[in-house]
Structures are given as C-alpha cells and as structure tokens.
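Letter by letter, the sequence shown follows residues -19 to -1, 1 to 278 of mature numbering (1 follows the signal peptide of the UniProt record, and there is no 0). Positions of the beta carbon are idealized from the N, C-alpha and C atoms, including for glycine. Reviewing the structure listed below.
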Amino acid sequence: MRLITFFLVVLYYSQATVAQVTMDTEYKDDGSIELYATNADRVPYTILIDMTEHTNLLPIGSSGLVVARPGRSKVSTLKRRTEGQATSIRYSYSILKGDFYAKSKDEPVYLIPLPEGTLTTGVRMTHIQNRLQPEEENTEYVGISFRFDLPTEVLAPRKGVVTEIRMDQYDEKQNLDYDRSENYIELFHEDGSLTKIMVLKPGSLKVEVGQEVFPGDVLAESAGEEYNSGLHVRLVNMKPIKDGTSKLKYQNKPMSFISREGKSDFPEMKKVEVVYPEEIITAEMSKKEKKAFKAGN
C-alpha cells in the first residue's frame, strides 16, 4: 500500500503571479513522486520549495530552488527510500518571476534609454525609507534616474522580452518625490533578471507584452512633469534570490551604462551625453540577429 499526501501553500505578494504558475504532483508505480509546474507566462519563474514533511522519500536537494519554464514541466523527482513502505509529502512554495540560475557570459552594459545625443543627468535613487527621516540611512541600491530637459521617447536599454506593462495611470498631483502608481514597462533578460523602466506617459505605449525588443527600440514616451526633479526616467534591475529557508525576494543590482563620457554605474550625480555604440547594441544578440541588424544599417 502506498500512501501519498501533499499540502500546498503559495507564498507571494501578487495574485497575478500566483495565477501564472501552479504546482501539481504525479505518483509513479515505483513509489517516487514527481513535481510539475505549469507556467502560463512567456518567461521563466523561480520556485522555492520548502519540504515541511517527507516520509520515506529522498530530499529534493539542498537549496530547494527550481525554475519553471513556460508551459508544463517537471521540476523535481523525489525517490522512495525503502521499497514496500508508504510515502507522504507536505510542502509549501514561493514564486517570483525571473530565473535564479541563468547568468550572463559577460557583465551587461546598458544603453541610457533616451535618444542618442541627449544630454542627461544620471543619479542613483534613494530608498523611500530615507524620506521618512529614519534614525539611520538605508543605503540599499534601488535603481537609477536619468533627468532631462524636454519630453522625449524612452527606449529599450537592453535586449529583452516585454513581460509586464502599466500605462493607464494619470496623476494630477504636483511636487512629487515618489509615486507608487506610476506607469512602467518591465523587460525580462536572458540572464534571468528583469528591468523595470518607470515614469512613462500614460497611453504612449509602443510595444506589447510578449514582444522581444532590442537596445534602442522605442518603448513609450517620457513623463515626470509633476515631480520635483522634473522630467526623468527611472530604471531598476532585479533578480530572484533566496530569503531565508522558505521565501524568495528580489535583489536590485547596480547597472553600468555607456555614455560619451565612458561606462559608469553613477555612484555620484553626473551629466553625460547618450551614445549608442554598435558593440553594446549587439552584445546580447544571436548571430542571426546581428546579421539582420547589420543588414539594416
């Protein structure tokens, strides 16, 4: 007789993400249990499986981290330890968009997402907690802002797939430092990370979810007139990491940008001129994509 029980708890903050990925189990004749993930999205998701109980089964592994590709895929197999004895399993899992395991061959360099020749001031953003006058400053990296003088187009800083869009927020407030409801476009990259491009003009969308974009492709139009800092675009790059034993979180990573003045992650405020070097535009392209790019230029 083989007894199998299972218990699922989804630990995540977004109902949309929970709906995108579900888990199920299959029980094999040899007593093993296979875990499957069904991913309804176009990009991978990282899943952290916490085995709260497993009877007569070999453990899933030291990290518990698996990746769900688009579609339905097997993410783990738990083998029975002892023949003829019952098996049981209880587990919970947390999910985040992105691929924990994917890596870049080389450290990516971003284009400043403004038209070539634009003069812009790059400055690192400060954590929202610092605006609340805490006892200690929060120095966690939260992204970068590029300020400019005139409304303009906002372009893709890297090759990626459009994974999420919000472009319907109209803000009538003035003198803003930060707005949680601002418009954004999110891109997924082959290194498993996501870049969110924020402060965009409502209704100005030039791309759609699922579309692959290349450095320099137009995404939308700029905004920011209602902010104290004026017209600007903000970017943050994030990737899933393990947070303790049973949760995931995003880690923001400093981004290096190319400009007329050279490569920089803008540790201090600096005015630069936007450039679009071919070697940066084509850095993440396949051979076929590079050939098509060169043929069109």
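Enclosing beta strand (DSSP E) for residue i [first to last residue]
i	result
residue 281	In the structure displayed, the chain extends from -19 to 278; residue 281 sits before or after that span and is not available.
GLU34	26 to 36
residue 285	Because residue 285 is not part of the residues shown, which for the chain are -19 to 278, the question remains open.
THR101	100 to 105
GLU171	Element bounds for GLU171: n/a, residue is neither H nor E.
Assigned exposure category for residue i - 16 Cβ within 10 Å defines buried
i	result
TYR208	buried
GLN1	buried
THR33	exposed
VAL190	exposed
LEU181	buried
ASN156	Summary for ASN156: the model assigns pLDDT 47, below 50, so the residue's position carries little reliability, and this model does not support an answer.
ALA18	buried
THR63	exposed
Residue i: first and last residue of the uninterrupted alpha helix (DSSP H) it sits in
i	result
LYS271	268 to 276
Supposed contact pair residue j and residue i - C-beta distance, whole angstroms, cut 8 Å
i	j	result
HIS35	ILE76	The pair is not a contact, with the Cβ atoms about 20 Å apart (cut-off 8 Å).
LEU229	THR3	With a Cβ gap of about 17 Å, LEU229 and THR3 do not count as contacting.
ILE14	LEU59	5 Å
SER240	VAL256	6 Å
residue 334	VAL143	Shown here, the chain extends from -19 to 278; a query on residue 334 therefore has no answer.
ARG61	ASP11	7 Å
Sub-8 Å separation of residue i and residue j beta-carbons
i	j	result
LYS271	THR263	yes
ARG128	TYR91	no
SER126	MET148	no
LEU168	GLY141	yes
VAL253	GLY124	no
ASP31	SER203	no
residue 282	ARG215	No answer is possible for residue 282: it lies beyond the span of the chain, which begins at -19 and ends at 278.
Check your understanding: Three or more beta-carbon pairs under 8 Å between the region 46 to 61 and the region 193 to 208, yes or no?
Key -> no
Review point. Counting pairs of beta carbons, one from the region 167 to 175 and one from the region 75 to 90, are three or more of them closer than 8 Å?
Key: yes
Point to revise | Contact between the region 118 to 135 and the region 85 to 98 (3+ Cβ pairs under 8 Å) | key: yes
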